[in-house]
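When the letters of the sequence shown are read in order and numbered with this note's numbering, they come out as residues 53 to 394. We put the CB at the ideal spot given by N, CA and C, even for glycine. Below you'll find the structure, written out as structure tokens, and then a few comments.
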Amino acid sequence: MKGAFGKMMKNLGGLSKKKDKTFVHPDLKPLGGDGAPPMYSMDELTAATNNFKEKLGEGGFGAVYKGYLKVEDGGEAAAAAESLGVDLSAIREGELVVAVKMGAAKVLSAREQLMTEMMVMGKLRHPNILRLLGACISDNSMAMIYEFIPCGDVHELLERAREGKEEFTFKDRVRVAMGCAEALAFIHSQEYVHRDFKAPNVLLAEGLSPRVADFGLARIVENWKDHVTTRVMGSRGYIDPEYFVSGYLNNHSDTFAFGIFLIELATGHSVIEPNFEAVVTGAVRSEPVDLQAVMDPRLEGQWSEEQAKLLLEIAKECVIPDWDNRQPMDHMVEMMQGLVVE
Numbered sequence: 053m054k055g056a057f058g059k060m061m062k063n064l065g066g067l068s069k070k071k072d073k074t075f076v077h078p079d080l081k082p083l084g085g086d087g088a089p090p091m092y093s094m095d096e097l098t099a100a101t102n103n104f105k106e107k108l109g110e111g112g113f114g115a116v117y118k119g120y121l122k123v124e125d126g127g128e129a130a131a132a133a134e135s136l137g138v139d140l141s142a143i144r145e146g147e148l149v150v151a152v153k154m155g156a157a158k159v160l161s162a163r164e165q166l167m168t169e170m171m172v173m174g175k176l177r178h179p180n181i182l183r184l185l186g187a188c189i190s191d192n193s194m195a196m197i198y199e200f201i202p203c204g205d206v207h208e209l210l211e212r213a214r215e216g217k218e219e220f221t222f223k224d225r226v227r228v229a230m231g232c233a234e235a236l237a238f239i240h241s242q243e244y245v246h247r248d249f250k251a252p253n254v255l256l257a258e259g260l261s262p263r264v265a266d267f268g269l270a271r272i273v274e275n276w277k278d279h280v281t282t283r284v285m286g287s288r289g290y291i292d293p294e295y296f297v298s299g300y301l302n303n304h305s306d307t308f309a310f311g312i313f314l315i316e317l318a319t320g321h322s323v324i325e326p327n328f329e330a331v332v333t334g335a336v337r338s339e340p341v342d343l344q345a346v347m348d349p350r351l352e353g354q355w356s357e358e359q360a361k362l363l364l365e366i367a368k369e370c371v372i373p374d375w376d377n378r379q380p381m382d383h384m385v386e387m388m389q390g391l392v393v394e
């Protein structure tokens with residue numbers, strides 16, 4: 053390993069404990085040449101999380117805990133952040149805050165999804181994709197180590213905005229959507245399909261910079277030929293109807309989910325609401341669209357008619373029932389350029 057990051061790695065000490073802080077890991081291990089994540093022992097993760105003291109939440113296959121890894125020495129935090137691809141704000145006092153996602157290795161479904169997530173996320177490196185920093189596989193449990201993302205997810209932020217607890221501006225919603233579009237376009241360029249893109253799987257870093265997460269259902273589709281899958285997987289409301297009926301999967305299924313995501317951002321409504329299908333109809337299947345009735349009232353005065361029409365037009369193209377008529381995500385990125393507000 054070369055440069056400032058290599059020097060930083062050589063200067064790392066052993067396990068230590070600071071006042072009012074958890075144990076910190078003695079080393080942040082580099083990624084393998086093939087993108088495989090560095091492997092940690094359960095003892096190392098136990099130390100990094102201070103015996104799994106601070107629980108952040110509960111995922112589909114286990115709990116998520118906060119931990120601290122020692123990553124730099126001698127004021128080289130900026131070099132460490134650049135080398136790791138994480139925000140500089142995540143490194144404080146020589147420590148990188150991480151999220152440790154646990155899963156039961158003996159539960160086959162959990163093991164399969166965590167193994168898929170480990171292999172896919174180890175290969176995908178993009179500013180708007182959650183950064184995988186390490187993993188642990190033992191006889192009884194598995195763990196994934198991610199960069200810690202402090203601002204929740206888009207689903208939660210939309211809910212707080214609906215309740216009047218936090219502002220989520222039109223400008224910020226467009227920026228989040230653009231980051232997600234670029235991430236999905238990149239994923240597809242690597243011949244992967246996410247298969248579970250949705251608002252709860254878009255995490256928000258400082259400045260509401262989005263991170264697409266949860267690749268446990270991802271699949272590789274070589275040469276974009278239709279891929280037959282034995283089980284339709286995904287989340288209610290975001291599943292491509294053509295994929296649901298046929299069992300065939302390709303990148304256009306992610307495009308459909310992105311369109312639903314755009315409708316949520318535009319209207320402020322959630323896909324889990326009982327009347328969301330009526331929201332979709334009003335937003336992209338009615339002519340002409342009543343913008344004042346469709347757009348989130350909390351965004352009043354923040355968008356122009358041209359911007360609102362373009363946003364809903366992009367969503368409409370994404371959710372076209374026949375996926376042969378849907379444009380790829382890189383086309384959606386180009387269309388989104390017309391929405392970006394400086």
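Own chain residues within Cβ distance below 7 Å of residue i, not counting five before or after
{"i": "residue 287", "result": "248, 250"}
{"i": "residue 167", "result": "none"}
{"i": "residue 385", "result": "233, 234, 237"}
Run of the beta strand (DSSP E) containing residue i, from where it starts to where it stops
{"i": "residue 193", "result": "193-199"}
{"i": "residue 366", "result": "Segment 357-370 is the alpha helix (DSSP H) holding residue 366; no beta strand (DSSP E) there."}
{"i": "residue 189", "result": "184-189"}
{"i": "residue 262", "result": "262-264"}
{"i": "residue 119", "result": "115-122"}
{"i": "residue 254", "result": "254-256"}
{"i": "residue 108", "result": "107-110"}
Cβ separation of residue i and residue j, assumed to be a contact under 8 Å, to the nearest whole Å
{"i": "residue 201", "j": "residue 256", "result": "7 Å"}
{"i": "residue 93", "j": "residue 203", "result": "Actually they are not in contact, since the Cβ atoms of residue 93 and residue 203 sit about 31 Å apart, beyond 8 Å."}
{"i": "residue 198", "j": "residue 153", "result": "7 Å"}
{"i": "residue 91", "j": "residue 186", "result": "7 Å"}
{"i": "residue 388", "j": "residue 230", "result": "5 Å"}
{"i": "residue 306", "j": "residue 254", "result": "Incorrect: roughly 13 Å between the Cβ atoms, too far for contact."}
{"i": "residue 379", "j": "residue 369", "result": "6 Å"}
{"i": "residue 334", "j": "residue 345", "result": "7 Å"}
6 Å CB neighbourhood of residue i in its chain, flanking five on each side removed
{"i": "residue 118", "result": "106, 108"}
{"i": "residue 290", "result": "250, 309, 312"}
{"i": "residue 282", "result": "Note that residue 282 scores 47 on pLDDT, short of 50, meaning its location in the model is unreliable; the coordinates nonetheless yield the value given after this. Closer than 6 Å at Cβ, skipping near neighbours: no residue."}
{"i": "residue 367", "result": "311, 314, 315, 336"}
{"i": "residue 216", "result": "none"}
{"i": "residue 240", "result": "303, 381"}
{"i": "residue 355", "result": "222"}
Residue j beta carbon less than 8 Å from that of residue i
{"i": "residue 178", "j": "residue 238", "result": "yes"}
{"i": "residue 406", "j": "residue 351", "result": "A query on residue 406 cannot be resolved here, the shown segment of the chain reaching from 53 to 394 and no further."}
{"i": "residue 362", "j": "residue 341", "result": "no"}
{"i": "residue 194", "j": "residue 184", "result": "no"}
{"i": "residue 343", "j": "residue 357", "result": "yes"}
{"i": "residue 260", "j": "residue 227", "result": "yes"}
{"i": "residue 151", "j": "residue 206", "result": "no"}
{"i": "residue 218", "j": "residue 225", "result": "no"}
Opening and closing residue of the alpha helix (DSSP H) in which residue i lies
{"i": "residue 223", "result": "222-241"}
{"i": "residue 334", "result": "328-336"}
{"i": "residue 385", "result": "381-388"}
{"i": "residue 346", "result": "343-346"}
{"i": "residue 339", "result": "No alpha helix (DSSP H) contains residue 339, which DSSP labels as neither H nor E."}
{"i": "residue 251", "result": "No alpha helix (DSSP H) holds residue 251; DSSP gives it neither H nor E."}
{"i": "residue 318", "result": "304-319"}
{"i": "residue 295", "result": "293-298"}
{"i": "residue 285", "result": "Neither: residue 285 is in no alpha helix (DSSP H) and is coded neither H nor E."}
{"i": "residue 178", "result": "Per DSSP, residue 178 belongs to no alpha helix (DSSP H) and is neither H nor E."}
{"i": "residue 391", "result": "Looking at the DSSP string, residue 391 is not in any alpha helix (DSSP H), and its letter there is neither H nor E."}
{"i": "residue 95", "result": "94-100"}
{"i": "residue 28", "result": "Shown here, the chain extends from 53 to 394; a query on residue 28 therefore has no answer."}
Buried or exposed (CB count within 10 angstroms, at least 16 for buried), residue i
{"i": "residue 165", "result": "buried"}
{"i": "residue 262", "result": "buried"}
{"i": "residue 348", "result": "buried"}
{"i": "residue 390", "result": "exposed"}
{"i": "residue 265", "result": "buried"}
{"i": "residue 234", "result": "buried"}
{"i": "residue 146", "result": "buried"}
{"i": "residue 155", "result": "buried"}
{"i": "residue 292", "result": "buried"}
{"i": "residue 68", "result": "In this predicted model, residue 68 has a pLDDT of only 31, less than 50, meaning its place in the structure is not dependable; the value taken from the coordinates is given anyway. That one is exposed."}
{"i": "residue 89", "result": "buried"}
{"i": "residue 330", "result": "exposed"}
{"i": "residue 30", "result": "Nothing in the structure corresponds to residue 30, since the chain is present only between 53 and 394."}
{"i": "residue 169", "result": "buried"}
{"i": "residue 172", "result": "buried"}
Close Cβ partners of residue i (< 8 Å) along its chain, the five nearest in sequence each way excluded
{"i": "residue 285", "result": "247, 248, 269"}
{"i": "residue 332", "result": "312, 315, 371"}
{"i": "residue 210", "result": "220, 251, 316, 317, 320, 322"}
Cβ of residue i within 8 Å of any chain C Cβ
{"i": "residue 231", "result": "Here there is only one protein chain, and chain C is not present."}
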